[in-house]
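See structure below.
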Amino acid sequence: MVAEGFLLGGDGWPDEPELPGTFGPPVPVYSIILTLLWPLPVLLYWLLDFLLTRRRLTVQDTYTNESGSQIAATGSGSEMPREQNLPGLTTVHDPPGYFPIMMASLEHSLPHLATGRATAGGLGKVVDLIVRKHPSDILLVHPMLAEVEGKLEYGNPIDEQPSLRLVVDGQRHDIRVFRFASPPREEQCQQVRVEFLMLSHEIFEARTLDGIYPNPMSRKAVLTFFSLWNQAVGALLARHKPRVFHCPDFHTAIAPWYALPEHPDLRILLVLHNAEYQGTISTDMIYGHTLAAIASVFNLPVQMVKDHLVLDGRFNMLKAAVDFILERQNGEGACAVSQWYAAECHSAYGVLWHLPAVHGLDNPMLEEERVVITGSLADAKAEAKQRLQRRFGLEENPNARLFVSLGRLVRQKGVDLIADVAGWLLSSYADAQLILVGPVGDGFGHYAATKLEQLQQQLQQLPDNSQRRLYVNIQFMRDPAALKEMKLGADFCLMPSRDEPFGYVDVEFAWHGALLVGAQAGGLGKVPGFYFLAQNRENLSRLRRELRSAVSHAMSASEDQLQCMAEAAVRCTFPLERWQRKLEFAYKMAAGEYSIPCERSMSTLGPESRMRLQSEGAHDAPGPGFSVETPASSWREQAQTFLPYPETADPVLLPQPSRGAWPLQGSTTPVSAVDSAVGEQRRMHNASFARSAAGPEFMTQDRAAFGL
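Counting from 1, one number per residue, gives the positions in the sequence shown under the UniProt record's numbering.
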């Protein structure tokens, strides 16, 4: 019997039932819903990342400007806590002439000399600020450059201190030490002393004002320069025994390790002015023969180089200072020149990841540098713009909106982005004008210079005034009058920087009433302007789009809005007192009483140095700052080459100097507590600083000479 509703077919099997016509093919509803929802986690992540990375203004302090109005200071992240009325680092127990702080830098500024300045950028400005406004006594160490009549002359020193005898790659080098001093200045009812130790050597004096920083690091002669420089600073640290060594960037990052065996209580304050440059050799892996060769150049044990100068297989000088802070100071003692840049450095550079924090030490701007504008700001800027247009051959259009880019043409400043959007800017906005001035600094700068010069040539072929809307000058601008007119006549300062440690240029333009158009990166964003927050700094098309968006907002702003923002920019203040207070706190943070484990760092010193560091006899030497009266023949005959790690030192190849070079009379000389840091050669005072005959060989020596 067959069930009801089924009919047997001819084959004996029931036919398939017929479905109602309303039923169609099945629809994958859940699959469609999941397909539509799958981008949602990514979108939520992007939104969360945007909200977390977007800067929120948090009022932490207020201060009163000259007009009497209160202005809020903003900050967050790793900003150091403020302490009021911090006592100075100098105490009543310190001997006369003692300097609690020592700083060493390749750039220098001797303000008491009319031609005693050798600077190349932001670090030079900070060095000049420290010389003039440091809150406590400080001893500065600088290598001398080749003298240039009328531009760089050192004159006569106060005296010549005992020279330093150092070993680099088995070769002995004698460095002369000349002492200069600035007139004492009154600071908070007490005199602040600033002295300079200028180091003379043919390798140092082979540099010129246009080449203060030797490079690249892959050349043996450049490594020799930094070895000699770091050993000299280390010997002076051991000689003078400051409480804190102020170390800017990587240039003297190894020096504390040289001083450690004779000055075990040394502390350092690492201040990052540009953490992108870390003293690296990125072209070679450091191992085997190369590792031994670098250890020989730097006169250090191979194990110490391996532990403290190699990061991910590459040579890295900055790592030496970071390791010193980690092992000797529990990770406290690293700062950057702005709080936002400090946060970026801590997250971006692997060499800093092990530090608990990188604190912000925002640079000040002295009120004495503020431009004095007579009359109304609008009239002064209009007159300056007309003079600037006439000076550089631009169309004299009072309604033009003038963009100015001033500085080195390097990737860090985003000059390639300026070159990429310049054509769009001038074609999209008939009233836009662009001025770009600065020397080429890398391949990105060469690309920008080439593209902008080609654009300038194309505009010159046009019959209308379009040819007079772009001015490009690929060189360093040294004319003070032209620089002032550029800042006062500009409507906008163009700075699409990928990284910006502090940004003095934006403040200088702001104080002239110019608004910033660029990236909110690092230290930028502290003055009124039109900013974009880069979501991906490696995506060029996105960076160009974001820069064009910021430029469009600036060009679409009304004149009243721009005038209001310009007046606010002129009123921006960056108090000196706050910087001094934070700097003193940073010194105390670095010199704090910590229970520091020394086993790991001492394991790399070698047996003899470790015994010296642990023995009580290391503290029996005369205290720093004393003058010990000894016969000239006594310390002359007992002086030794500075060998902080003698168990690994190479043989000295250079001959000993003749005894006839020594003065015969006895003298009272500041003698180092470290006899080995006192050189064997001492010359007469007021010696002339003749240009070295060595020439710039170390700037051109091929890496092949190093045998990598």
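We put the beta carbon where it would ideally sit given N, CA and C, even for glycine.
Rounded Cβ spacing between residue i and residue j (contact assumed at less than 8 Å)
i: P157; j: P364; result: In fact, because the Cβ distance is near 30 Å, the residues do not count as touching under 8 Å.
i: G489; j: L402; result: 6 Å
i: A554; j: F530; result: 4 Å
i: I435; j: F392; result: 6 Å
i: A118; j: L209; result: 6 Å
i: M144; j: E205; result: 6 Å
i: R219; j: V244; result: Actually they do not touch by this definition, with Cβ atoms about 32 Å apart.
i: Q339; j: G360; result: 3 Å
i: A590; j: L129; result: In fact, because the Cβ distance is near 19 Å, the residues do not count as touching under 8 Å.
i: C572; j: V527; result: 5 Å
Residue i vs residue j beta-carbon contact at 8 Å
i: V351; j: K319; result: yes
i: P501; j: A336; result: yes
i: I254; j: V194; result: no
i: V168; j: V297; result: yes
i: D362; j: R544; result: no
i: H273; j: L123; result: yes
i: V472; j: G445; result: no
i: A321; j: V358; result: no
i: V127; j: H112; result: no
i: D159; j: R179; result: yes
i: L470; j: Q456; result: yes
i: Y645; j: L300; result: yes
i: A510; j: F532; result: no
i: A514; j: C493; result: yes
i: V141; j: V233; result: yes
i: A146; j: R185; result: no
i: V235; j: Y258; result: With the sequence shown as reference, residue 235 is identified as Ala, and Val is not the correct amino acid for it. Yes, the Cβ-Cβ distance between A235 and Y258 is below 8 Å.
i: L459; j: A422; result: no
i: L524; j: S497; result: yes
i: H134; j: V192; result: yes
i: L388; j: E485; result: yes
i: M102; j: L237; result: yes
i: I418; j: A449; result: no
i: E396; j: R390; result: yes
i: D249; j: Y287; result: no
Beta-ladder partner(s) of residue i, from DSSP
i: P501; result: P501 pairs with nothing; no bridge assigned.
i: V310; result: F315
i: I281; result: F315
i: L272; result: A336
i: Y471; result: I435
i: I175; result: L164
i: M102; result: L139 and F245
i: A118; result: H108
i: V440; result: L409
i: R267; result: V244
Inter-residue spacing [alpha-carbon to alpha-carbon] between residue i and residue j
i: M602; j: H251; result: For M602, the predicted model reports a pLDDT of 35, less than 50, meaning its position is unreliable and no value from the coordinates is stated.
i: P463; j: L409; result: 30 Å
i: Q412; j: P25; result: 60 Å
i: V437; j: V517; result: 16 Å
i: W125; j: V302; result: Reading off the sequence, residue 125 comes out as Lys, not Trp. Spanning the two alpha carbons is a distance of roughly 37 Å.
i: F642; j: R165; result: 6 Å
i: T290; j: F226; result: 17 Å
i: V404; j: K381; result: 14 Å
i: D431; j: E559; result: 13 Å
i: S376; j: S541; result: 41 Å
i: C598; j: E327; result: Note that C598 scores 36 on pLDDT, short of 50, meaning its location in the model is unreliable; the coordinates nonetheless yield the value given after this. Distance between the alpha carbons of C598 and E327: 7 Å.
i: T280; j: L394; result: 43 Å
i: N539; j: A342; result: 23 Å
i: P100; j: P242; result: 5 Å
i: A568; j: I373; result: 14 Å
i: R581; j: L43; result: 44 Å
i: G116; j: D479; result: 19 Å
i: K385; j: L425; result: 19 Å
i: D323; j: D506; result: 34 Å
i: N316; j: V440; result: 25 Å
i: M477; j: L355; result: 39 Å
i: E149; j: E508; result: 30 Å
i: residue 759; j: K151; result: With the chain running from 1 to 708 in the structure shown, residue 759 is simply not present.
i: G313; j: R370; result: 47 Å
i: L366; j: G503; result: 14 Å
i: S347; j: W353; result: 7 Å
Legend entry - Segments of 4+ residues assigned as alpha helix (DSSP H) that fall wholly inside the stretch 485–532: The qualifying runs are 504–510.
Inset, instruction - Scan the stretch 180–236 and note each continuous beta strand (DSSP E) run of 3 residues or more that stays entirely inside, going in chain order. - result: Complete beta strand (DSSP E) runs here, min 3: 185–187, 190–192 and 194–200.
Inset, instruction - Ignoring anything shorter than 3 residues or poking outside the stretch 322–405, list the beta strand (DSSP E) runs there in chain order. - result: Segments of the beta strand (DSSP E) lying fully in the stretch 322–405: 334–336.
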